[in-house]
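Student: Converting from the sequence shown to our numbering requires adding 139 to each position, the first position being numbered 1. Take this structure, written in structure tokens, and hold onto it; I'll ask about it next.
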Amino acid sequence: MAAAIKPLVAGNWKMNGLRASEGEFRKMVEGSIAGASGDCDLMICPPATLLASLSAIAADAPFSVGAQDCHVAQKGAHTGDLSAEMLKDAGAAAVIVGHSERRADHGETDEVVAAKAQAAWRAELLAIICVGETEAERKAGEAVAVVARQIAGSVPDGATAENTVIAYEPVWAIGTGLTPTPGDVADIHKSVREELVQRFGAEGESMRILYGGSVKPSNAVELLTVANVNGALVGGASLKAEDFLGITAAYS
Ligand code: PGA
Numbered sequence: 140m141a142a143a144i145k146p147l148v149a150g151n152w153k154m155n156g157l158r159a160s161e162g163e164f165r166k167m168v169e170g171s172i173a174g175a176s177g178d179c180d181l182m183i184c185p186p187a188t189l190l191a192s193l194s195a196i197a198a199d200a201p202f203s204v205g206a207q208d209c210h211v212a213q214k215g216a217h218t219g220d221l222s223a224e225m226l227k228d229a230g231a232a233a234v235i236v237g238h239s240e241r242r243a244d245h246g247e248t249d250e251v252v253a254a255k256a257q258a259a260w261r262a263e264l265l266a267i268i269c270v271g272e273t274e275a276e277r278k279a280g281e282a283v284a285v286v287a288r289q290i291a292g293s294v295p296d297g298a299t300a301e302n303t304v305i306a307y308e309p310v311w312a313i314g315t316g317l318t319p320t321p322g323d324v325a326d327i328h329k330s331v332r333e334e335l336v337q338r339f340g341a342e343g344e345s346m347r348i349l350y351g352g353s354v355k356p357s358n359a360v361e362l363l364t365v366a367n368v369n370g371a372l373v374g375g376a377s378l379k380a381e382d383f384l385g386i387t388a389a390y391s
């Protein structure tokens, strides 16, 4: 069942990257063609300013490009925002929604995140929906309950294995170098899988559940080969081709 799911390793560049970063992305694409990556789908989510140029670089490669956020509306008077349709038009195949940095910095609630996921589907983008507990919630023994609540509120009805990927990212592990133990990852991913199966049946069985938070080449094998972990969402270590390809090699 879960073993048949093709993993996805997606890099989230966050607010990093200028036109000069195109060379690093080209190295990733060339490295993946040369066989330096494992048997997984590959994606980089650069800032929106680089979507068009990176998607052109990846045009003939098995490598896709995604965005980091979208507005819920298709168009209109929303100065500075980007619609899912615009991201698709710029070359995106996916969009991350509900990243903890957006939940924290922009006050995005589960309801907003669910609406953004629906906007992604409307534009025929894959929605990568992020969930994860804070350090205080983990210490209070609430990690499983918090993540279950976020899944219930952020993943809209109609989610399928084709249109949705879940990314479990404990907030305290993002950018800190700290990671949960493989046992903790196994527990949360098992509970997420159960939630998804209960709600979406067979689709929930084959939906990808990524782990994110301080993934790097040296811990990739131990974190990414845990049951019900179907890939990774990688921040800092996705900025360098060597590190990103080193992580994907966990699936070799
Ligand atoms: P990190 O970020 O790999 O730098 O911890 C992960 C993320 O925020 O997606």
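Here a beta-carbon is modelled for each residue, glycine too, at the ideal position from N, C-alpha and C. The structure displayed is predicted, hence computed values, not measured ones.
Should I183 and A223 be called a contact, given that it needs their Cβ atoms to be closer than 9 Å?
Tutor: Contact flag unset, no.
Student: Am I right that P309 and E333 are in contact with their C-beta atoms under 8 Å? What's the rounded C-beta distance?
Tutor: The pair is not a contact, with the Cβ atoms about 18 Å apart (cut-off 8 Å).
Student: Taking 6 Å as the limit between beta carbons, can you name the residues of its chain near S391, skipping five residues before and five after?
Tutor: G177.
Student: Using the beta-carbon count (16 or more within 10 Å), is T318 buried or exposed?
Tutor: The residue in question, T318, is buried, as its Cβ has 16 or more Cβ neighbours within 10 Å.
Student: Could you tell me the distance, in whole angstroms, from the CA atom of A279 to the CA atom of A287?
Tutor: If I take the Cα positions, the gap works out to 15 Å.
Student: Cutting at 6 Å between CB atoms, please list the residues of its own chain near P146, excluding the five before and the five after it.
Tutor: Excluding residues within five positions, the ones whose Cβ falls inside 6 Å are C179, N369, G370, Y390.
Student: Alpha carbon to alpha carbon, how far is G174 from M346? Give it in angstroms, no decimals.
Tutor: Their Cα atoms are separated by approximately 26 Å.
Student: Which stretch, first to last residue, makes up the alpha helix (DSSP H) that contains G297?
Tutor: Here G297 belongs to no alpha helix (DSSP H), and DSSP marks it neither H nor E.
Student: Between the C-alpha atoms of L265 and A275, what's the straight-line distance to the nearest angstrom?
Tutor: Going from the Cα of L265 to the Cα of A275 covers about 31 Å.
Student: Does the separation of the CB atoms of V365 and V304 fall below 9 Å?
Tutor: No, the Cβ-Cβ distance between V365 and V304 is not below 9 Å.
Student: Could you tell me the alpha carbon to alpha carbon distance between F383 and P356, rounded to whole angstroms?
Tutor: One C-alpha to the other measures close to 8 Å.
Student: Using three-state DSSP, classify L378 as helix, strand or coil.
Tutor: Coil, per DSSP.
Student: I want to know whether the segment 158–171 touches the segment 182–196 - three or more CB-CB distances under 8 Å.
Tutor: With the cut-off at 8 Å, the segment 158–171 and the segment 182–196 touch.
Student: Label E240 either buried or exposed according to how many other C-beta atoms from any shown protein chain fall within 10 Å of its C-beta, with 16 as the threshold for buried.
Tutor: It counts as buried.
Student: Using alpha carbons as the reference points, say which of A291, K379, M225 lies closest to A159.
Tutor: Closest option to A159, Cα to Cα, is K379.
Student: Ligand 1 and H328: does the residue's C-beta get closer than 8 Å to at least one heavy atom of that ligand?
Tutor: No; taking the cut-off as 8 Å, the Cβ of H328 has no heavy atom of ligand 1 nearer than that.
Student: Short of 8 Å in beta carbon distance, which residues of its chain neighbour T299, apart from the five on each side in sequence? Order them along the chain.
Tutor: Once the five neighbours on either side are set aside, the close Cβ partners of T299 are F339, E342, M346.
Student: Could you tell me which residues DSSP puts in a beta bridge with C184?
Tutor: According to DSSP, which records beta bridges pairwise, C184 is partnered with N151.
Student: According to DSSP, is G351 helix, strand or coil?
Tutor: It is a strand residue.
Student: At what residue ranges does the segment 304–364 contain a whole run of the alpha helix (DSSP H), taking only runs of 4 or more?
Tutor: As far as the segment 304–364 is concerned, its whole alpha helix (DSSP H) runs of at least 4 residues are 321–339, 341–345, 356–363.
Student: Once DSSP output is grouped into helix, strand and coil, what is the label at S222?
Tutor: Reduced to three states, the DSSP call for S222 is strand.
Student: Once you ignore the five residues that flank I268 on each side, which residues in its own chain have a CB closer than 6 Å to its CB?
Tutor: Once the five neighbours on either side are set aside, the close Cβ partners of I268 are V236, G237, A256, S293, V294, I305.
Student: If you count every other CB in all the chains shown that lies within 10 Å of the CB of N155, and 16 or more means buried, which is it?
Tutor: When all chains shown are included, N155 counts as exposed.
Student: Just list the residues that DSSP pairs G215 with in beta bridges.
Tutor: None, per the DSSP bridge assignment.
Student: Is there at least one non-hydrogen atom of ligand 1 closer than 8 Å to the beta-carbon of L372?
Tutor: Result yes, Cβ under 8 Å from ligand 1.
Student: A366 by DSSP, collapsed to three states: which one?
Tutor: Note: A366 maps to coil in three-state DSSP.
Student: In terms of residue numbering, what span does the beta strand (DSSP E) encompassing L189 cover?
Tutor: Neither: L189 is in no beta strand (DSSP E) and is coded neither H nor E.
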